[in-house]
Amino acid sequence: MKNIGEVKFNEVRQLTEQVNTICDFNAGIKTMSISINDLEDGSCDVVFGGSGSRTDFLRMYAMLTENLTKQLYKMHPCDCIPVGLQAAAGVGIAEGLEEAMKEGE
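Everything in the sequence shown is counted per the numbering used here, starting at 1090 for the first residue and increasing by one.
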């Protein structure tokens, strides 16, 4: 039996799929979304959705980074913000490449 968190996260998954479907039929709309559900065992379930080209994703990544930097700096105005963002990006890039290479085998 699923708990309420799992049920609601499945709703998020369905909504992400609906948004992607809408964007697939509207070339002018680009989207990128990520939702994370922290699980009791310390792991997490992730839903990623996106619609657009490689260039679109890179542009959205730049916009996301800009806005995330601004919001984090407002909460905690310190030089640790860009350092933390760069470190997180490095980890994400390394893990993404590793997973992509495994899937490509």
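Glycine included, C-beta positions come from ideal geometry on N, C-alpha and C.
Predicted model, so just to flag it, every value in this text is computed and none were measured.
*Three-state class that DSSP yields for Asp-1145 in the structure shown*: helix
*asked:* Using a Cβ distance threshold of 8 Å, determine whether the region 1099–1108 contacts the region 1119–1131, with at least three qualifying pairs required.
replied: yes
*Helix, strand or coil for Gly-1131, going by three-state DSSP, please let me know.*
Of the three classes helix, strand and coil, the one that applies to Gly-1131 here is coil, per DSSP.
*Tell me whether Gly-1138 is buried or exposed, calling it buried when 16 or more other Cβ atoms sit within 10 Å of its Cβ.*
buried
*Nearest neighbour of Leu-1128, chosen from Leu-1153, Gly-1141, Glu-1155, Asn-1092 [CA to CA]*: When each option's Cα is compared against that of Leu-1128, the closest is Asn-1092.
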